[in-house]
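Student: According to the working numbering, the residues represented by the sequence shown are 1 to 835, in order.
In this text, a Cβ means the ideal position worked out from N, Cα and C, and glycines have one as well.
Quick caveat: nothing in here was measured; it's all calculated off a predicted structure.
Please find one structure pasted underneath; my questions will follow.
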Amino acid sequence: MVPEAKDYAFSTQCVTAYDPAHVDQYGASSTPVYLTATFKGLPGAEFDYTRVSNPSRSVLETHLAKLEGSKYAYAVSCGMACLDVIMRLVRPGECVIAGDDLYGGSNRLLELLKKQMHIEVDNIDTTDLVAVEQALQQRAKAHAAGEGARVALVLLESPTNPMIKIADLAGCTRLVRKYIPEALVVVDNTMLSPYLMRPLEFGVDIVYHSATKYLSGHHDIMAGVISCNRDDLAESMFFTIKSVGNALSPHDCFLLLRGVKTLALRMDRQQTSAMQVATYLEQLGFKVRYPGLRAFPGHAVHMRQARGAGGVLSFETGCTSMSEKVVAATKLWGVSVSFGCVNSLISMPCQMSHASIDPKVRAARGLPENLIRLCLGIEDPNDLIADLQQALLSAGAIVASEQGTFVRVPVEDEMELARRQLRAKQPEAPTRPTSLTVSAPGKVILFGEHAVVHGVTAIAAATALRCYARVSSMPMVQLALRMPDIGLDQQWDPAVLPWVLCQNDNDHTTFNAKLLEALSTIVSSSYPPDDRRHAASLAFLYLYMHLAQDQGLGQSFELRSALPISAGLGSSAAVSTCLAALLLYSHEHLPLPDLHEPMPPAHTALINAWAYMAEKVIHGEPSGVDNTVATLGGAVAFTRALPTNDLSENRLERISFDAVRLLITDTRVVRSTKELVARVSQQKQQDPTRVDAAFTMIQHLSAEAKRLLGDSSLSRTDLISSLSLLMDLNHLQLVQLQVGHAALEIVRRLCAERHLRAKLTGAGGGGCAITLLKDSMSDAAIEELVLAMREQDFLTYETQVGGPGIGVLVHPNEHATNLGADATWAEQCGTWIYA
């Protein structure tokens, strides 16, 4: 008797091909090849015609389903036949959302269907969850309004070919389920095979492979495999396969089944060699794209969802002619398209596998013409590296140094040169934008609040809840500030402001107390000093007087917040960051960011410095953490209240981790942060032993949390589970420090009933709690929890932590005119550049 597959390791499963429904009558150790087109028998027999079914294919498909962890698997003639079968599920006029770095054949098929079936295709950067969410949300709203096509399918690749871009499959699937739950999520898993990743485990609907690659491993057949768990999808796709007759032939089924048996063995060698080659090229100074490298942008996401880095990498020489020489000079590396073979291959995608994509489209998607793709086989890696080294030397890409090592020969990067030439040809844009939109995130304290002022490490992270701000020109020389969320609507004549006390001094290191006092007198005529509108107006005018290059320019500033106000979630820092960015860009202290590049560090440093000054106006002596998180995004660990706004002196340690789902609950209990902080200090004086013990425990929890967040090898499930436990323990220490509240305990009880943990966030503020949400938690379960919170008169916000910082809308939709009531229009009205 053959044991259940779950009792075996994957490598063992590969070898033990066994189908209890089709046991060979003679006990053959290899499944026989049934080279027959028809079968004799009565109507209703299992096999009658090989186009529909064949014993060799049935055994193969059963084996493939076991390896994929799926209910169904179908073997067809090639990988593109897989996509063709899947695309039959999309009706004419519907929409497909796909990545912007698709395999060339996939791109070609989608272009064909666009022309023949009028299918709409949106190519987006699927590595950016914000971009994915914006695309889904925009399509969903348009379709609901009767103005757009229905999204039927979302097509993902990870890693992509050949740019090796990494998509968060679980995150993308979750967003699809949120905005367009009926849309199918399809993943091309050819680059990894089921040995390294099984996307069905992340909730996707269909997975397919070009089995010509890793599954076969020898490039002696063409084959494709489709897997799914849904009965309706399986029935529909099988009907297509038997109707068009693209099922895999019996002999190819035999060869594929034979190849699959060595899948694990081959891939272990291939990805080990790939890591050695990638490290070698990286040390030479080439830009290498390989998820196994820790410096690779998608490393953390990839290692969370995959069991290895794979056997394909790409690198840039910076020069197309040089890359051509490198490829031509190799001896062991076969110059060929495809990958996954036992033989190592080298190619230039733009001239081979992706040549069918229009060069303008390749350029728009950032695909370098000089890119070289390496596909590792099972040869000795030292031989491969030696051959690659002689090819690089022959092409002049590297030279020997005086120390006897090799170094890269610098060349002017073609992509950057092309961008500069393109910008030079474009008409010069006005240096001062007449209108501009920016946004900045709020923040939550994950660990360490109240203890951080006593030298304990704390961790703060950006949220996906953001403040949006817009500046536009006014026909009159007036200065207007509107913040509808707090009832602020004020205008000033710039000429009556106390310029003599400022002299347009844009020094962000010295606080001007006399100017602040004079401005307070002006603002007090509209809002009393204890009104938050007074503080917001002061901060704005203080920044304006330091940064306004043209006092005769009429400007209107409007801010809307998706953040709860005065809830301890960094709303004032988000406002300060937005105001600083608007003034710096609209008064030419900074040029607008390049559409093709991330926001420069020099921009974020200056924005953060002025945001800190605005926070000083509002809060007196802020820590500087809130505005830093609002500017830079992500998360930071810090060890004390920061005495300066200089980023280089802040002693902040940035933590890179993938965004995690979070539920923020605002109990709407008004609490004084200053009083709570003072209470802890008083306890430390009265009972230092107890309080120091709590601080020691909080320090341990923060340190462990920082370690977990930085551990890219940790699975997402384990990360969320471990962090949740640490948060629970952190909250218990805060209760010991007497900064808890009965309302927070209600939140914790409601979460505990659903096997979730919650804690206080911030120094007290509005009595907010945070709860990490498990990826496996359904939308219905979350909604049920939200309703339970609402019954307690609590406000809830489902969001993420660890997202981007300050954002600038550099390519706005001309139809976007105002922030709107819900401040979400800006999420879908153009191209954003984020820190």
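Suppose the cutoff is 6 angstroms on Cβ atoms and the five residues either side in sequence are ignored; what does the same chain contact list for residue 786 look like?
Tutor: So the qualifying residues of the chain are 796.
Student: Along the alpha helix (DSSP H) that carries residue 79, what are the first and last residues, could you check?
Tutor: It spans 79–87 - the alpha helix (DSSP H) in which residue 79 sits, taken as one unbroken run.
Student: Where does the unbroken alpha helix (DSSP H) through residue 247 begin, and where does it stop?
Tutor: Careful: residue 247 lies outside any alpha helix (DSSP H) and carries neither H nor E.
Student: In chain order, what residues of the same chain have a beta carbon less than 6 angstroms from the beta carbon of residue 143, not counting five sequence neighbours either side?
Tutor: Result list for residue 143: 150, in chain order.
Student: Checking 8 angstroms against the spacing of the C-beta atoms, do residue 271 and residue 169 come in under that value?
Tutor: Not closer than 8 angstroms, so no.
Student: Pull up the DSSP beta-bridge partners for residue 665, would you.
Tutor: Residue 665 pairs with 769 and 796.
Student: With DSSP collapsed to three states, give me the class of residue 647.
Tutor: With a pLDDT of 42 at residue 647, under the threshold of 50, the modelled position of that residue is not reliable, and the figure given next carries that caveat. In the structure shown, residue 647 sits in a helix (DSSP, three-state: H, G or I).
Student: Would a C-beta distance cut-off of 8 angstroms place residue 51 and residue 224 closer than the cut-off?
Tutor: No.
Student: Extract the residue ranges of the beta strand (DSSP E) inside the stretch 273–305, only unbroken runs of 3 or more that lie entirely within it.
Tutor: The qualifying runs are 287–289.
Student: If I measure Cβ to Cβ from residue 210 and keep anything under 7 angstroms in the same chain, skipping five residues before and after, which residues do I get?
Tutor: The answer, listed in chain order, is 78, 79, 190 and 224.
Student: Evaluate residue 644 with the Cβ neighbour count: other Cβ atoms within 10 Å of its Cβ, from every protein chain shown; 16 or more gives buried, anything less gives exposed.
Tutor: Here residue 644 scores only 44 on pLDDT, less than 50, and its place in the model should not be relied on; the value that follows carries that caveat. When all chains shown are included, residue 644 counts as exposed.
Student: Just to confirm before moving on: does the CB-CB distance between residue 371 and residue 316 stay below 8 angstroms?
Tutor: Their beta carbons are under 8 angstroms apart, which means residue 371 touches residue 316 by this criterion.
Student: Suppose contacts are defined by Cβ-Cβ distances below 8 angstroms. Is residue 854 in contact with residue 298 by that definition?
Tutor: Since the first and last residues shown for the chain are 1 and 835, residue 854 lies out of range.
Student: Under the assumption that residue 864 contacts residue 409 (Cβ atoms under 8 angstroms), give the Cβ distance between them as a whole number of angstroms.
Tutor: For the chain, the structure presents residues 1 to 835; residue 864 sits outside this window and is missing.
Student: Who are the Cβ neighbours of residue 613 in its own chain at under 6 angstroms, not counting the five residues just before and after it?
Tutor: Within the same chain, residue 613 has close Cβ partners 508.
Student: Pull up the distance between the alpha-carbon of residue 552 and that of residue 493, whole angstroms please.
Tutor: So the two alpha carbons sit approximately 10 angstroms from each other.
Student: Compare the C-alpha of residue 588 against each of 548, 557 and 113 and name the closest.
Tutor: That would be 548, whose Cα lies nearest to the Cα of residue 588.
Student: With DSSP as the reference, label residue 17 as helix, strand or coil.
Tutor: DSSP places residue 17 in coil when its eight states are reduced to three.
Student: For residue 120, which residues in the same chain have their Cβ closer than 6 angstroms to its Cβ, ignoring the five residues on either side in sequence?
Tutor: Excluding positions up to five away in sequence, the list reads 95 and 149.
Student: Per DSSP, residue 208 forms a beta bridge with which residues?
Tutor: The partner list for residue 208 (beta bridge, DSSP) reads 188 and 226.
Student: Skipping 5 residues on each side, what residues in its chain have a beta carbon closer than 6 angstroms to that of residue 19?
Tutor: The residues are 59 and 62.
Student: Give me the Cβ distance between residue 342 and residue 217, rounded to the nearest whole Å; I'm assuming they're in contact under 8 angstroms.
Tutor: Correct: roughly 6 angstroms between the Cβ atoms.
Student: Whose C-beta lies closer than 7 angstroms to the C-beta of residue 837 among residues of the same chain, with five residues either side of it excluded?
Tutor: With the chain represented from 1 up to 835, any question about residue 837 goes unanswered, as that position is not in the structure.
Student: I need the DSSP call for residue 66, collapsed to helix, strand or coil.
Tutor: DSSP places residue 66 in helix when its eight states are reduced to three.
Student: Thinking just about the alpha-carbon of each residue, which of 28, 70 and 22 is nearest to the one in residue 47?
Tutor: When each option's Cα is compared against that of residue 47, the closest is 22.
Student: Measuring CB atoms only, is the stretch 652–668 touching the stretch 707–727, in the sense that at least three cross pairs come out at less than 8 angstroms?
Tutor: Output reads yes: the stretch 707–727 touches the stretch 652–668.
Student: Is residue 483 helix, strand or coil by DSSP?
Tutor: Residue state, collapsed to three classes: strand.
Student: Figure out for me which residue from 798, 809 and 832 has the closest Cα to the Cα of residue 174.
Tutor: Selected option, being the one with the closest Cα: 798.
Student: I need the straight-line Cα distance from residue 221 to residue 296, nearest angstrom please.
Tutor: Straight-line Cα distance between these residues: approximately 33 angstroms.
Student: Going by other Cβ atoms of all chains shown within 10 Å of its Cβ, with 16 needed for buried, is residue 511 buried or exposed?
Tutor: With fewer than 16 Cβ atoms within 10 Å of its Cβ, residue 511 is classed as exposed.
Student: I'd like to confirm the pairing. Which residues does DSSP put opposite residue 841 in its beta bridges?
Tutor: Any answer about residue 841 is impossible in this case: the structure gives the chain only from 1 up to 835.
Student: Of the residues 161, 28 and 171, which one's Cα is nearest the Cα of residue 774?
Tutor: Selected option, being the one with the closest Cα: 171.
Student: Give me the residue from 100, 107, 155 and 99 with the minimum Cα distance to residue 86.
Tutor: Per the Cα distances, 155.
Student: Go ahead and label residue 252 buried or exposed: buried means 16 or more other beta carbons lie within 10 angstroms of its beta carbon, across all protein chains shown.
Tutor: So residue 252 ends up on the buried side.
Student: Across which residues does DSSP place residue 375 in a beta bridge pair?
Tutor: In the DSSP output, where bridge partners are listed per residue, residue 375 has 312 and 345.
Student: From which residue to which residue does the alpha helix (DSSP H) around residue 610 run?
Tutor: Segment 601–619, the alpha helix (DSSP H) holding residue 610.
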